[in-house]
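In what follows, a structure is listed as structure tokens, so that the remarks can point back to it.
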Amino acid sequence: MSTINTVDAGATSLLRFATAGSVDDGKSTLVGRLLHDSKSVLADQLEAVEHASRNRGQEAPDLALLTDGLRAEREQGITIDVAYRYFATPRRRFILADTPGHVQYTRNMVTGASTAELAVVLVDARNGVVEQTRRHAAVAALLRVPHVVLAVNKMDLVDYAEPVFAAIAEEFTTYAASLGVPEITAIPISALAGDNVVTASAHMDWYGGPTVLEHLETVPVVTDPSDDPGRFPVQYVIRPQTAEHPDYRGYAGQIASGVLRVGDAVTVLPSGRTSTIEAIDALGQAVDVAWAPQSVTVRLTDDLDISRGDLIAPTATAPSVSQDIEATICHVADRPLTVGQRVLLKHTTRTVKAIVKDIPSRLTLDDLSQHPAPGELVANDIGRIVVRTAEPLALDAYADSRRTGSFLLIDPADGTTLTAGMAGTAFAEAAADAAQADAADDEGWDF
536 MSTINTVDAG
546 ATSLLRFATA
556 GSVDDGKSTL
566 VGRLLHDSKS
576 VLADQLEAVE
586 HASRNRGQEA
596 PDLALLTDGL
606 RAEREQGITI
616 DVAYRYFATP
626 RRRFILADTP
636 GHVQYTRNMV
646 TGASTAELAV
656 VLVDARNGVV
666 EQTRRHAAVA
676 ALLRVPHVVL
686 AVNKMDLVDY
696 AEPVFAAIAE
706 EFTTYAASLG
716 VPEITAIPIS
726 ALAGDNVVTA
736 SAHMDWYGGP
746 TVLEHLETVP
756 VVTDPSDDPG
766 RFPVQYVIRP
776 QTAEHPDYRG
786 YAGQIASGVL
796 RVGDAVTVLP
806 SGRTSTIEAI
816 DALGQAVDVA
826 WAPQSVTVRL
836 TDDLDISRGD
846 LIAPTATAPS
856 VSQDIEATIC
866 HVADRPLTVG
876 QRVLLKHTTR
886 TVKAIVKDIP
896 SRLTLDDLSQ
906 HPAPGELVAN
916 DIGRIVVRTA
926 EPLALDAYAD
936 SRRTGSFLLI
946 DPADGTTLTA
956 GMAGTAFAEA
966 AADAAQADAA
976 DDEGWDF
């Protein structure tokens with residue numbers, strides 16, 4: 536199979552990253568420093584921050600105000616909601632999510648990190664690794680974030696001492712590695728003073744690694760899509776039925792993963808019908824090959840009954856289809872999730888009715904222990920569930936594909952998002968597996 540030419544970590548690439556850390560560790564200040572020192576702040580924005588800082592009795596501008604946009608955030612000096620910001624340097628474009636540090640906002644970190652390719656976890660050099668640090672490392676591991684940066688902040692308050700940084704870096708790296716985090720980079724910084732954020736620090740000549748921005752600009756994030764199985768969720772069926780195109784039947788959508796080629800034998804799921812890719816149209820032009828995340832229209836050699844929500848995949852690597860889904864979820868709604876609850880399950884472009892069959896365990900992120908049979912999950916809880924769907928779904932394991940292995944549970948009454956789900960196993964599921972060993976029967980199911 537030929538290799539697809541993709542963009543490397545260069546000028547046109549895009550990095551999505553999230554910041555996390557305990558309360559007052561300096562997440563918003565770090566983000567503000569990144570924006571300010573990389574010249575990504577407009578003059579009127581900086582003027583507004585300077586004005587707000589003076590009103591609070593501060594002589595220097597409080598750069599945290601560049602991201603803490605809610606009034607309650609500014610009044611309390613904390614982050615409550617996820618703040619998204621876009622900025623760019625000559626080497627790369629960035630979308631960052633500044634997530635809250637409080638325990639009750641764990642769900643917000645899940646939201647921010649769900650699409651991130653890198654997570655920056657901040658630690659106060661005076662406090663070291665705390666409970667919330669371990670919680671954020673665990674969430675990053677659960678969400679399969681491929682790169683994690685440990686930013687040991689406020690080094691100016693510990694006299695830029697190398698032993699302090701080394702001890703924190705060793706403790707965090709050991710813990711995160713035990714969770715399966717594939718790559719961990721530790722950087723000593725002072726977000727307030729700007730040390731090792733954008734420019735190298737003159738106070739820490741013992742550190743020879745990159746600054747935060749240098750690492751963000753150079754970390755590899757683009758992979759060869761040929762390494763992933765092809766997945767094409769159908770979003771819309773195009774049937775113009777005009778004099779110019781009387782028999783045109785195309786299936787439009789965004790390739791979720793992998794590569795599609797003209798001539799590929801494909802299977803349409805969940806029906807299981809097979810055909811061959813006759814043509815691929817991209818931006819109004821016929822192409823021989825397309826790859827994720829391109830938006831294209833696929834035409835098949837056979838007229839099949841295909842509609843929105845169906846999945847087209849190469850026959851050789853087609854996923855299995857099932858109505859029983861075991862997954863790890865983070866509950867994001869204020870109302871609890873209970874056994875027997877009727878929900879809607881949204882997977883890619885498909886939404887089906889479902890029932891929560893079992894909640895085998897709730898994960899305690901502090902020590903990664905499993906609390907068996909909790910009965911319900913409340914806001915910010917992470918746990919294992921078993922869901923039965925009314926129609927078969929073609930899910931990959933989340934460990935294999937973050938796009939086609941994820942789903943949402945939605946309240947059918949008002950459309951509220953209840954949980955974010957990750958199909959398949961988690962990094963710590965031993966207790967959950969034991970609880971699921973004796974599964975309940977399907978008596979009482981109405982589909």
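Per this note's numbering, residue 536 is the first one in the sequence shown, and the count goes up by one each step.
Cβ coordinates follow ideal geometry from the N, Cα and C atoms, glycine included.
Assuming Ile-847 and Phe-767 make a contact with CB atoms under 8 Å, what is their CB distance in whole Å?
One-based indexing of the sequence shown puts residue 847 at position 312. One-based indexing of the sequence shown puts residue 767 at position 232. At roughly 4 Å, the Cβ-Cβ gap stays under 8 Å, so Ile-847 and Phe-767 are in contact.
Where does Lys-888 sit, in a helix, a strand or coil, going by DSSP?
In the sequence shown, counting from the first residue as 1, residue 888 sits at position 353. Three-state DSSP puts Lys-888 in a strand.
Is the CB-CB distance between Arg-679 and Arg-937 below 7 Å?
Translated into positions along the sequence shown, residue 679 becomes position 144. Translated into positions along the sequence shown, residue 937 becomes position 402. Against a cut-off of 7 Å, the Cβ pair of Arg-937 and Arg-679 comes out as a contact.
Does the distance from the C-beta atom of Thr-951 to that of Ala-868 stay below 7 Å?
The count along the sequence shown starts at 1 and reaches residue 951 at position 416. The count along the sequence shown starts at 1 and reaches residue 868 at position 333. Against a cut-off of 7 Å, the Cβ pair of Ala-868 and Thr-951 comes out as a contact.
Would you decide whether Tyr-771 is buried or exposed? Buried here means 16 or more other CB atoms lie within 10 Å of its CB.
Translated into the one-based positions of the sequence shown, residue 771 becomes position 236. Exposed, by the Cβ-count rule.
Compare the beta carbon distance of Ala-896 and Arg-919 with 7 Å and say whether it is the shorter of the two.
For this step, residue 896 is matched to residue 361 along the sequence shown. For this step, residue 919 is matched to residue 384 along the sequence shown. Looking at the sequence shown, residue 896 is not Ala but Ser. Closer than 7 Å, so yes.
If we count the other Cβ atoms within 10 Å of its Cβ and call it buried at 16 or more, is Asp-782 buried or exposed?
By one-based count along the sequence shown, residue 782 stands at place 247. Result: exposed.
Just how far apart, CA to CA, sit Val-684 and Val-655?
Translated into the one-based positions of the sequence shown, residue 684 becomes position 149. Translated into the one-based positions of the sequence shown, residue 655 becomes position 120. Cα to Cα, Val-684 sits roughly 5 Å from Val-655.
Threshold first: 4 residues or longer. Then list the alpha helix (DSSP H) segments lying entirely within the stretch 652-703, N to C.
666-677
Start and end residues, alpha helix (DSSP H) containing Leu-751
By one-based count along the sequence shown, residue 751 stands at place 216. Looking at the DSSP string, the run of the alpha helix (DSSP H) that includes Leu-751 is 747-753.
Cα separation between Ser-725 and His-750?
Residue 725 sits at position 190 when you count from the first residue of the sequence shown. Residue 750 sits at position 215 when you count from the first residue of the sequence shown. Taking the straight line from one Cα to the other gives about 16 Å.
For Asp-859, the three-state DSSP class (helix, strand or coil):
Counting from one through the sequence shown, the residue named residue 859 turns up at place 324. Residue state, collapsed to three classes: strand.
Grab the span of the alpha helix (DSSP H) containing His-882 for me, first residue to last.
Taking the first residue of the sequence shown as 1, we reach residue 882 at position 347. Note, His-882: premise wrong, no alpha helix (DSSP H); beta strand (DSSP E) at 877-882.
Can you look up Glu-718 in the DSSP assignment and give me helix, strand or coil?
The residue labelled residue 718 in the question sits at position 183 within the sequence shown. DSSP places Glu-718 in coil when its eight states are reduced to three.
Taking contact to mean 3 or more Cβ pairs, one atom from each stretch, closer than 8 Å, check whether the stretch 823-833 and the stretch 880-896 are in contact.
no
In the DSSP assignment, what residue or residues form a beta bridge with His-866?
In the sequence shown, the residue the question calls residue 866 occupies position 331. Looking at the DSSP assignment, His-866 forms a beta bridge with Thr-954.
If you check the beta carbons only, do Arg-834 and Ala-814 fall under 7 Å apart?
The count along the sequence shown starts at 1 and reaches residue 834 at position 299. The count along the sequence shown starts at 1 and reaches residue 814 at position 279. Yes, the pair counts as a contact, with Cβ atoms nearer than the cut-off.
Suppose the cutoff is 6 Å on Cβ atoms and the five residues either side in sequence are ignored; what does the same chain contact list for Ala-800 look like?
The residue given as residue 800 occupies position 265 in the sequence shown. Here the set comprises Thr-811, Thr-850.
According to DSSP, what are the bridge partners of Thr-554?
By 1-based counting over the sequence shown, the position of residue 554 is 19. Per DSSP, Asp-633, Val-655.
Taking a contact to mean a Cβ-Cβ separation below 7 Å, would you say Asp-560 touches Val-733 in this structure?
Position 25 of the sequence shown, counted from the first residue, corresponds to residue 560. Position 198 of the sequence shown, counted from the first residue, corresponds to residue 733. Not a contact, by the Cβ cut-off of 7 Å.
How many Å lie between Val-874 and Ala-553 at the Cα?
Residue 874 sits at position 339 when you count from the first residue of the sequence shown. Residue 553 sits at position 18 when you count from the first residue of the sequence shown. Approximately 33 Å between the Cα atoms of the pair.
For the structure I just gave you, are there three or more beta carbon pairs, one from the stretch 793-808 and one from the stretch 752-764, closer than 8 Å?
yes
Taking C-beta to C-beta, are Gly-788 and Val-769 nearer than 7 Å?
Residue numbering aside, residue 788 sits at position 253 when the sequence shown is read from its first letter. Residue numbering aside, residue 769 sits at position 234 when the sequence shown is read from its first letter. Closer than 7 Å, so yes.
Exposed or buried, which one is Gly-910 when buried takes at least 16 other CB atoms within 10 Å?
Sequence index remark: in the sequence shown, residue 910 carries index 375 (1-based). Answer is exposed; the Cβ neighbour count stays below 16.
Cβ separation of Arg-627 and Ser-575, assumed to be a contact under 8 Å, to the nearest whole Å
The residue given as residue 627 occupies position 92 in the sequence shown. The residue given as residue 575 occupies position 40 in the sequence shown. About 12 Å; that fails the 8 Å criterion.
How about Ala-686 and Gly-715: are their beta carbons less than 7 Å apart?
Numbered from 1 along the sequence shown, position 151 holds the residue referred to as residue 686. Numbered from 1 along the sequence shown, position 180 holds the residue referred to as residue 715. In this structure, Gly-715 does not lie closer than 7 Å to Ala-686 by Cβ.
Cross-strand partners of Ser-830 (DSSP beta bridge):
For the purposes of this step, residue 830 is identified with residue 295 of the sequence shown, where counting begins at 1. BP columns for Ser-830 point to Gln-789.
So what does DSSP say about Val-566, is it helix, strand or coil?
Start at 1 with the first residue of the sequence shown, and residue 566 comes out as number 31. The answer is helix: DSSP assigns Val-566 an H, G or I state.
Assuming Ile-703 contacts Ala-648 (C-beta within less than 8 Å), just tell me the rounded distance between them.
Within the sequence shown, residue 703 is the residue found at index 168, counting from 1. Within the sequence shown, residue 648 is the residue found at index 113, counting from 1. Wrong, their Cβ atoms sit about 21 Å apart, outside the cutoff.
If you count every other CB in all the chains shown that lies within 10 Å of the CB of Tyr-786, and 16 or more means buried, which is it?
The residue labelled residue 786 in the question sits at position 251 within the sequence shown. Answer is buried; the Cβ neighbour count reaches 16.
Classify Asp-740 as buried or exposed, calling it buried when 16 or more other Cβ atoms lie within 10 Å of its own Cβ.
Indexing the sequence shown from 1 puts residue 740 at position 205. Exposed is the call here.
Find out if the Cβ-Cβ distance for the pair Gly-956, Ala-932 is shorter than 7 Å.
Translated into positions along the sequence shown, residue 956 becomes position 421. Translated into positions along the sequence shown, residue 932 becomes position 397. No. Outside cutoff.
Alpha carbon to alpha carbon, how far is His-866 from Asp-633?
In the sequence shown, counting from the first residue as 1, residue 866 sits at position 331. In the sequence shown, counting from the first residue as 1, residue 633 sits at position 98. So the alpha carbons of these two residues sit roughly 20 Å apart.
Boundaries of the beta strand (DSSP E) in which Ala-618 is found, first to last residue:
Translated into positions along the sequence shown, residue 618 becomes position 83. Ala-618 -> beta strand (DSSP E) spans 618-623.
For Glu-779, does the three-state DSSP call read helix, strand or coil?
The residue given as residue 779 occupies position 244 in the sequence shown. Reduced to three states, the DSSP call for Glu-779 is coil.
DSSP state of Ala-712, grouped into three classes?
One-based indexing of the sequence shown puts residue 712 at position 177. If DSSP states are grouped into helix, strand and coil, Ala-712 belongs with the helices.
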